[in-house]
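>
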Amino acid sequence: MSDGLGLQIEHVSKDLGGRTIVEDMQLEVKTGELTCLLGPSGCGKTTTLRMIGGFLIPDQGRVLISGNDVTKMSPDKRPTAMVFQNYALWPHMTVFKNVAFGLRLRKLPRQEVSDRVAQVLELVGLTHHVHSYPARISGGEQQRVALARALVLEPKVLLLDEPLSNLDAKLRVRVREDIREIQQRIGITTVFVTHDQDEALSISDRIAVMSGGKVEQYADARSLYREPETTFVASFVGAMNSYEATVVPGGLELPGKLVVPCGDLSATGEGTFEAGVRPEDVHVSLNGDGAPADVVREVPRGHYKEIVLNAGPNEVRAFVSADLPPAEHVRISFTRALLYRDGVLQRSSAPVSV
Amino acid sequence: MPAPEREMSVALARSAGRRVLWFLFVSSLIVFMIGPIVWLGLRAFSGLWLYPQLLPKQWTVNGWRQVFNDPNLSHSMKLSFEFAPVVTVASAVICLPAAYAFSRYKFPGRRFLLISLFAVNAFPKIGLYISMAGVFYSLNLISTFLGVVIVQLIGTIVFMTWIPAAAFSAIPRSLEEAARDVGAGPLRVFFRVTFPLAAPAIFVAMILSFLASFDEAQGTFLVGVPKYITMPTEMYTLVLNYPEQVAAVFALLLAVPSVLLMALVRKHVMGGKLAEGFQIR
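Residue numbers (the working numbering), protein chains in the order written: chain U, 4 to 357; chain V, 897 to 1177.
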């Protein structure tokens, strides 16, 4: 049974224009959970969202909302509501009419319509713009009207298609926090499509990283960042140093016969791995142990700095304290490295310390 | 004269020369465009007006009296005002769904059909009308109301398809999807979202169709005589058989709806709605 599952996507595939856009996709979203579909453009995230919303019918597989099969249902029959990337507000209707449209279609009494519209406009903080036309309000406000229009129908699943991409950077951060807050307050199952990892990491309960029409990894922000299951996820979410490396006593051997001392390794074994090291897992010291490296440049980042190093033939990026004095020659070691083979994270049963 | 000043006066002379040329060009254009209308206006009120005279010797409203008293002429006016609205509405009913399909759906032959709508305007229509008349004979459509409506429809199709199709294309699909999303069926989406947004362009298309129908002479003449003689077809008879003043009065009357309606849509046409008509791909 589907207890607690707001949305299930079961083995869904979709071809568009002779190309497979989504391939055997699986995803489960718990009731009240906010899931992000994160990926580069063309990865199938918007296609997936449109299949949930009913704008596309899957070639194969099923879409279930609260356990009910809605795979073939048209958008007007589904308990979903979508916030479009360009907001898609109707320019010939006022804010009130935009929000009330769906309620009026349901032939609700006039009083109830205006009560519910007033309620939802209060929720998104737009009571003062009830009678404005969409062209007369700012982008952020239009965005909130679109959200209000979706929420007023009390859908079971809220769909957001890159809703912040048309806002400037500052507003984007504020509106995404607003969206998260509203979503949590009313506890609505939500699917949020974005290509911005910051956005995904900061508002989601769970994130599905997509690539080539498939989910690469579906996890919460922390495990996604700390334990990316594939090299694609590792490079797409956050910054990552990656090398061809072998495990040797004392650490990792990088190209150029350079042995870098390493703390935690995700696996151990013979042969070459792709090793991934987060910049904050690179330990830089002026003297002492570690492999020698030359500083190429420093980039101040406020409370920390990024330094780019050459360790033999390898480029290493490290995030270090802004207090670290400038130097030309330093020593580096890794506190943690993830080892991949064929793009997939290799794990030993217990993390191995060397 | 110091060099810079000389240069300046040369430049001034050159720009003055340019201005004179420009003035001549513009005034000849004005004479070319306004001249015939002024002549028509004078003619409509003139009595005897012989060649070397710049202005008529006598002024009279006889032409006007004659037009309004002639039962044939007033009947043709009535007919014109019957045909034009019927043709416009029929054209809208036929062409708007086609325009919507051209804008929203991909189907085989779409480009070909879209371009072929222009084919009607690509060669002299009289040839088309003659062959149509031939077909109409065998269908017993000659000298029928329906026959005239069909022949006048031909000239309206391009306006009624291209302009609304461009307007539909200019409406982001997500606006329609959003309406579907909140529970509207396809028909309701069209009448509540698509149509209101395309209305200005559809209005322009209807006005242009109205005028195309109102001014259509050749086809109406071939198919409509002797029963249906509209104002433009009446012009043929007038030019040949009536005094010049009467023809001038009639021509002015024929121009009135066009001028009024064009003034009405000027805002939309200038605002690019008409230009959009040719941006569809």
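Heads up, the beta-carbon is just placed ideally off N, CA and C, and yes, glycines get one too.
Can you name, in chain order, every residue of its own chain whose Cβ lies under 8 Å from the Cβ of residue 1085/V, other than the five neighbours on each side?
1072, 1075 and 1076
> Give a yes or no on whether the C-beta atoms belonging to residue 296/U and residue 349/U are separated by under 9 Å.
9 Å or more divides the Cβ of residue 296/U from the Cβ of residue 349/U.
> Between which two residues does the alpha helix (DSSP H) harbouring residue 1022/V extend?
1021 to 1034
> Could you check where the alpha helix (DSSP H) with residue 1009/V kicks off and where it finishes?
1006 to 1018
> With a threshold of 16 other CB atoms inside 10 Å of the CB of residue 984/V, please say whether the residue is buried or exposed.
Counting Cβ neighbours within 10 Å, residue 984/V comes out buried, since at least 16 surround it.
> In whole angstroms, what separates the C-alpha of residue 215/U from that of residue 987/V?
48 Å
> Between residue 94/U and chain V, is there a C-beta pair that is closer than 9 Å?
yes
> If you drop the 5 nearest sequence neighbours on each side, which residues of the same chain put their C-beta closer than 8 Å to that of residue 218/U?
28, 29, 30, 211 and 212
> Please check if any C-beta of chain U sits within less than 9 Å of the C-beta of residue 1070/V.
yes
> Hey, could you find the ends of the alpha helix (DSSP H) residue 1133/V is sitting in?
1127 to 1137
> Evaluate residue 1103/V with the Cβ neighbour count: other Cβ atoms within 10 Å of its Cβ, from every protein chain shown; 16 or more gives buried, anything less gives exposed.
Result: buried.
> Secondary structure at residue 42/U, three-state DSSP: helix, strand or coil?
coil
> Going along chain U in order, which residues have a C-beta closer than 7 Å to the C-beta of residue 1080/V?
79 and 108
> Applying the criterion that 16 or more other CB atoms from any shown protein chain within 10 Å of the CB defines a buried residue, is residue 334/U buried or exposed?
buried
> Rounded to a whole number of angstroms, what is the C-alpha to C-alpha distance between residue 72/U and residue 16/U?
16 Å
> Chain U beta carbons: is any one of them nearer than 9 Å to that of residue 1135/V?
no
> Mind the definition here: the stretch 230 to 243 of chain U touches the stretch 57 to 70 of chain U only if three or more C-beta pairs lie below 8 Å; say whether that holds.
no
> With a threshold of 6 Å on Cβ separation, who are the neighbours of residue 1175/V within its own chain once the five nearest residues in sequence on each side are excluded?
With a pLDDT of 44 at residue 1175/V, under the threshold of 50, the modelled position of that residue is not reliable, and no figure is offered here.
> Please state whether DSSP places residue 1054/V in a helix, a strand or coil.
helix
> What's the gap between the Cα of residue 254/U and the Cα of residue 310/U?
22 Å
> Could you pull out every residue in the same chain whose Cβ sits closer than 6 Å to the Cβ of residue 4/U, ignoring the five residues on either side in sequence?
Note that residue 4/U has pLDDT 41, beneath the 50 cutoff, so the model's placement of it is unreliable and the number below is only indicative. Excluding sequence neighbours, residue 4/U sits near nothing in its chain.
> Exposed or buried, which one is residue 1137/V when buried takes at least 16 other CB atoms within 10 Å?
exposed
> Of all the options 1010/V, 1047/V, 1159/V and 1018/V, which has the alpha carbon lying nearest to the alpha carbon of residue 1026/V?
It is 1047/V whose Cα lies nearest to the Cα of residue 1026/V.
> Given a cut-off of 9 Å, decide if residue 1106/V and residue 851/V are closer than it, judged by their beta-carbon atoms.
One cannot answer for residue 851/V here, as it falls past the ends of chain V, which runs 897 to 1177.
> Going along the chain, which residues of its own chain have a beta-carbon closer than 8 Å to the beta-carbon of residue 170/U, five neighbours each way excluded?
142, 143, 146 and 178
> Who does residue 85/U pair with in a DSSP beta bridge?
Residue pairing by DSSP places residue 85/U opposite 162/U in a beta bridge.
> What are the residues of the stretch 54 to 76 of chain U that lie near chain V, defined by any Cβ-Cβ distance shorter than 7 Å?
56 and 58
> Can you list, in chain order, the stretches of the alpha helix (DSSP H) that have 4 or more residues and sit fully within the stretch 167 to 199 of chain U?
172 to 189
> Relative to the C-alpha of residue 291/U, which candidate in 264/U, 308/U, 323/U and 209/U has its C-alpha closest?
264/U
> Using DSSP bridges, identify the partner residues of residue 134/U.
Residue pairing by DSSP leaves residue 134/U without any beta bridge partner.
> How close, in whole Å, do the beta carbons of residue 91/U and residue 1068/V come, if the pair is a contact with beta carbons under 8 Å?
7 Å
> For a quick check, are the C-beta atoms of residue 250/U and residue 341/U less than 9 Å apart?
no
> Using only CA atoms, which one of 314/U, 283/U and 317/U lies nearest to residue 307/U?
283/U
> 9 Å is my cut-off, CB to CB: does residue 1066/V come that close to chain U?
no
> Taking only beta carbons into account, state which residues of the stretch 1072 to 1103 of chain V come closer than 8 Å to chain U, listed in chain order.
Contact annotation: in the stretch 1072 to 1103 of chain V, residues whose CB is within less than 8 Å of a CB in chain U are 1073, 1074, 1075, 1076, 1077, 1078, 1079, 1080, 1081, 1084, 1088, 1089, 1092 and 1093.
> Near residue 327/U, which residues of its chain fall below 6 Å by C-beta distance, leaving aside the five closest residues on each side in sequence?
none
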